[in-house]
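Scroll down for the structure; my scribbles are underneath it.
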Amino acid sequence: MFSWLNFLSYAVVTAVTPGPNNLMSMSNAGRLGFRRAFPFNLGIWAGFSVVMLLCTFFCSALSDLIPRIKTPMLVVSAAYMLYLAYKTFKSPPVTEDGSQQVKGSFGSGFALQFVNPKIYIYCIVSMEAYILPYYQGEWLTLTLFALLLAFIGFVFTLCWSLFGSAFKLLFSKYARATNTIMALLLVYCAISLFL
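Going by our numbering, the sequence shown opens with residue 139, and the numbers climb by one from there.
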């Protein structure tokens, strides 16, 4: 029998932990405020949904290919996270009039999902360990599970964004230290891919 408790425990714990989505959402909201960072979060949700659907429908094919694509995927993902770390480190504090250029766009949130290894692993483990043993071949159910996984990820991305927005004044006052910490966390995420 399918265990909702085990599945949801895994999904929530994985979604709430720091990763590129959560760290970038917190950083953007800290710089721009929750409302101006929201398009980035919507981009994350849209991209997350697409990746979850693709992973779900091609999970068995990916299982055969993973040994061959693992290293290139990790290298591209780490390079993108290092780029995000650099951009975070170099980003200026929010100005008084809020005129800082918004780089937390829908498109950047959407694109981040295709090089974010955390969500690929999130989906593959969810499907292989919890869902496919019970619902193999039930495409409507699998689609709904994929969208549920994306929604759970989106909810926790918003939580991180709210945290960043709540501490906007603190982040603005200590922008250099905050940006450095966020950049170092992204560097850590990139390095941890190879550990």
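Just so you know, even glycine gets a beta-carbon here, dropped at the ideal spot from N, CA and C.
Can you tell me whether residue i is buried or exposed, with buried defined as 16 or more other CB within 10 angstroms of its CB?
i, result
"S299", "buried"
"F283", "buried"
"S237", "Any reading at S237 must be qualified, since the residue scores a pLDDT of 42, below 50, and its modelled position is unreliable; the value itself is stated next. Looking at its Cβ environment, which holds fewer than 16 other Cβ atoms inside 10 Å, S237 is exposed."
"L308", "exposed"
"Y258", "buried"
"L146", "exposed"
"G222", "According to the sequence as given, residue 222 is Leu; it is not Gly. Buried, by the Cβ-count rule."
"R173", "exposed"
"A149", "buried"
"C327", "buried"
"E234", "In this predicted model, E234 has a pLDDT of only 43, less than 50, meaning its place in the structure is not dependable; the value taken from the coordinates is given anyway. Exposed, since its Cβ has fewer than 16 Cβ neighbours within 10 Å."
Candidates the options: which alpha carbon is nearest residue i's?
i, options, result
"F292", "A184, R173, Y258", "A184"
"F301", "A288, A149, S163, G157", "S163"
"A321", "G157, Y273, F140, A153", "G157"
"N254", "G242, F195, M219, I290", "M219"
What first and last residue would you give for the alpha helix (DSSP H) that runs through residue i?
i, result
"G185", "172-195"
"F145", "142-154"
Within the chosen definition, does the stretch 244-262 reach the stretch 271-281 through at least 3 CB pairs nearer than 8 Å? no
With three or more C-beta pairs closer than 8 Å as the rule, is the stretch 219-233 touching the stretch 309-321? yes
Whole alpha helix (DSSP H) runs in the stretch 240-325 with 4 or more residues, listed along the chain? Fully enclosed alpha helix (DSSP H) runs of no fewer than 4 residues occupy 244-250, 255-263, 270-273, 277-304, 306-311 of the stretch 240-325, in order along the chain.
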